[in-house]
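Read the structure below first, then the notes.
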Amino acid sequence: MRDKLVLGTRGSALALWQANWIKGLMEKACGLPVEIRTIKTTGDKITDVPLAKVGGKGLFTKEIEVELLDGRCDLAVHSMKDVPTELPAGLVLAGMPPRADAHDVLVAHAGEDLLTLPVGGRVGTSSLRRIAQVRALRPDVEIVDVRGNLDTRMRKAESGEVDLVILAAAGIKRLGWEKRITATIPTEQMVSAVGQGAVGVEIRADDEFMGALCETISDADTLACVRAERVVMNLLEGGCQVPIGAYARLTAQGMVLDALVGSVDGTRIVRTQVEGPADAGEELGRRAVEELKAAGALPILNEIRQANGAAELL
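Heads up: the sequence shown at position 188 corresponds to 1551 in the working numbering, and the numbers run straight through without jumps.
Here it is in structure tokens:
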């Protein structure tokens, strides 16, 4: 019989917010106290190099998963956009509470957006997905690599070091900083990252107690949409080194899924939108990939892989 649960997480402000959110849900569901264990990941240790140049998968999850497999943690909490589509043997994603806003947003020095930013404006982001889409929309602006926690990145725009930064809406809103957002980027301009805005709970596959507990805190709609997006990422064999976006949401008519592949220089963007029944997410993901391939996604992806990663094309 367990007398407590141990939750593994990164130590950033956003990661700890998410961990405490899951802790509260778990404690309410099972009555056991939950201890938070902070673990430093490779992505946390490397702060002066664009992640795309680091390479590898699981930059923000691997070390936490090691402790989960070793039994030092009962559950791991991740931002779903950081979770590779292939998990280590013995681990499963067992729960996802309701998703937050999945859009990208802007924090701008003078209130500009991607369309009103002057020629030569400085756009802060380290995401290859965002870089590709910004360059496609505004090839006349300068991309500036920006790393660090959310507050640090927002301050770079607010102080005028860059004209604007592009960030995920969910993290800013969860930390109570929504008033600092100057604009939301519509999906028509920028397709979000796979799993953006969703928080996942990872457990050992043979832990029946945790599996049943995770079911009680999960949101079926979030699970369905994120699974559809992850099908796109998996079939395209993508990761943080490849500019891929996928965003699924439910409407009164069913599920809508936008998906995109872009070249890092922004000169080639292929995207599609597919619709279908709310329970057909995996099929929609497969259909989206077929349409992307038919539109020319494979030559873009092959060029990136032959260059040993998109970072070499920056």
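Just so you know, even glycine gets a beta-carbon here, dropped at the ideal spot from N, CA and C.
Can you pull the DSSP bridge partners for residue i?
i, result
"Met1618", "Leu1613 and Gly1639"
"Asp1467", "Ala1531"
"Ser1442", "Val1562"
"Thr1372", "Thr1401"
"Thr1547", "Val1468"
"Leu1456", "Glu1565"
With C-beta atoms as the reference, is residue i less than 8 Å away from residue j?
i, j, result
"Gly1713", "Val1633", "Since the first and last residues shown for the chain are 1364 and 1677, residue 1713 lies out of range."
"Val1624", "Leu1664", "yes"
"His1472", "Ser1555", "no"
"Glu1521", "Val1470", "yes"
"Gly1558", "Ile1566", "no"
"Val1440", "Thr1372", "yes"
"Asp1351", "Ala1587", "This structure does not reach residue 1351, given that the chain is present from 1364 up to 1677, and the question cannot be answered."
"Val1627", "Leu1500", "no"
"Gly1539", "Val1507", "no"
"Arg1493", "Met1553", "yes"
"Cys1436", "Leu1370", "yes"
"Ala1622", "Ala1657", "no"
"Ala1463", "Gly1629", "no"
"Thr1448", "Asn1597", "yes"
"Ala1611", "Leu1599", "no"
"Ile1580", "Pro1396", "no"
How many whole angstroms separate the CB atoms of residue i and residue j, which I take to be in contact at a CB cut-off of 8 Å?
i, j, result
"Leu1477", "Ile1548", "7 Å"
"Leu1613", "Thr1635", "At roughly 18 Å, the Cβ-Cβ gap does not stay under 8 Å, so Leu1613 and Thr1635 are not in contact."
"Val1589", "Ala1561", "5 Å"
"Leu1377", "Val1468", "That pair is no contact at about 14 Å."
"Met1389", "Leu1576", "7 Å"
Is residue i near the ligand COA, judged by its Cβ being under 7 Å from some heavy atom?
i, result
"Asn1597", "No copy of the ligand COA occurs in the structure displayed, which carries no ligand at all."
Discussion item. When you compare the region 1452-1461 with the region 1480-1492, are there three or more beta-carbon pairs, one atom per stretch, that lie closer than 8 Å?
Written reply: no
- Three CB pairs or more closer than 8 Å across the region 1524-1543 and the region 1428-1440: no
| query | In chain order, which alpha helix (DSSP H) runs of at least 4 residues are fully inside the region 1465-1527? | reply | 1491-1500 and 1513-1521
Margin query: With three or more C-beta pairs closer than 8 Å as the rule, is the region 1538-1548 touching the region 1507-1524?
Written below: yes
**Asked** Which residue spans inside the region 1577-1607 form an unbroken beta strand (DSSP E) run of at least 3?
**Response** none
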